[in-house]
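Quick notes on the structure that follows.
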Amino acid sequence: MQFKRRENLKPSEKLLVLVGSKNPVKISCTEDAFTQAFNRSFLVEGIHAFSGVPDQPIGDEQTLLGAKNRAQNSRDVFPEANFWVGIEGGVDEDAHGMFAFAWIYILGKNGKKGQAKTGCFYLPKKVADLVKDGMELGKADDLIFEKENSKQSGGSVGILTKGVINRSAYYEQAIILALIPFLNENIY
4 MQFKRRENLK PSEKLLVLVG SKNPVKISCT EDAFTQAFNR SFLVEGIHAF
54 SGVPDQPIGD EQTLLGAKNR AQNSRDVFPE ANFWVGIEGG VDEDAHGMFA
104 FAWIYILGKN GKKGQAKTGC FYLPKKVADL VKDGMELGKA DDLIFEKENS
154 KQSGGSVGIL TKGVINRSAY YEQAIILALI PFLNENIY
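With the working numbering applied, the sequence shown has no gaps in its numbers, which climb one by one up to 191 at the end.
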């Protein structure tokens, strides 16, 4: 990949946002969220970035760490970008069962950081049991719902809401919330 350095950008040029994943859903929702939040265009690219957590993170701490690591590792690979975004989906349990969520972590060229968490939703027992046995959520969904690579399309949330909320829309709001410090630089 060859990108222009920020100091060479003209006002009309797009700023570069790197997403620590090659998942097309994560790249697309990041582009949509940044465009909406800043009311301008961005060049958004995905790169493989190591999360440093298990394929299926469990709990807030592990999931947020995965998102942070993806953003930081993206910055290490290509420090010339303007923003680096980590998106990590996780699961946890409470008295009502196993639920899914994601953390978003954003680093800015100016050193500013932002983070936000998606809403949570509970998983069916059959899916939760497979995840408890060590299967990654996307693979468990594919097996139970007879899908193929669902995590690169609607994901669990899309399957369970019958497409009313797809994975892209689910992440998009949290990305915008993680951008609050960048949208309000004078108070953050």
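Cβ atoms here follow ideal geometry from the backbone N, Cα and C, with glycine treated the same way.
For residue i and residue j, I'd like the C-alpha separation in whole angstroms.
i: GLY141; j: LEU133; result: 11 Å
i: ALA52; j: LEU18; result: 20 Å
i: LEU186; j: ILE147; result: 41 Å
i: THR153; j: ILE179; result: Correcting the residue type first, residue 153 is Ser in the shown sequence and not Thr. So the two alpha carbons sit approximately 24 Å from each other.
i: ALA36; j: ILE107; result: 12 Å
i: ALA40; j: GLY137; result: 37 Å
i: VAL130; j: ALA143; result: 6 Å
i: THR164; j: ASN113; result: 38 Å
i: SER54; j: GLY92; result: 11 Å
i: ALA181; j: ALA105; result: 12 Å
i: ASN42; j: ASN169; result: 23 Å
i: GLU48; j: LYS115; result: 20 Å
Using a threshold of 7 Å, is the CB atom of residue i nearer than that to any non-hydrogen atom of the ligand ADP?
i: ALA36; result: By its list of ligands, the structure shown contains no ligand whatsoever, and the ligand ADP lies outside what it can speak to.
Go through its chain and collect everything with a Cβ distance to residue i's Cβ below 6 Å, but skip five positions before and after it.
i: TRP87; result: LEU21, ALA74, SER77, ARG78 and LEU110
i: ASN26; result: GLN155
i: LYS128; result: none
i: MET101; result: VAL94, LEU126 and ALA131
i: GLU188; result: none
i: LYS29; result: VAL22 and ILE90
With residue i as the anchor, note down where its beta strand (DSSP E) starts and where it stops.
i: PHE45; result: 45-49
i: LEU18; result: 18-22
Can you give the beta carbon distance from residue i to residue j, rounded, assuming they're within the 8 Å contact cut?
i: ALA84; j: VAL94; result: 30 Å between Cβ atoms; not a contact.
i: SER171; j: SER31; result: 6 Å
i: GLY158; j: GLY166; result: Rounded, the Cβ-Cβ distance is 11 Å, inconsistent with contact.
i: ILE90; j: TYR174; result: 6 Å
Skipping 5 residues on each side, what residues in its chain have a beta carbon closer than 8 Å to that of residue i?
i: SER44; result: LYS17 and THR38
i: LEU46; result: PHE6, LYS17, LEU18, LEU19 and VAL20
i: VAL56; result: GLN65, THR66, LEU68, GLY69, ASN72 and GLU91
Between which two residues does the alpha helix (DSSP H) containing residue i stretch?
i: LYS29; result: 27-41
i: ALA74; result: 62-80
i: VAL2; result: Only positions 4 to 191 of the chain appear in this structure, which leaves residue 2 out of reach.
i: GLU175; result: 170-181
Next on the checklist: Runs of 3 residues minimum, wholly inside the stretch 89-144: which ones carry the beta strand (DSSP E) assignment?
Outcome noted: 100-111 and 116-120
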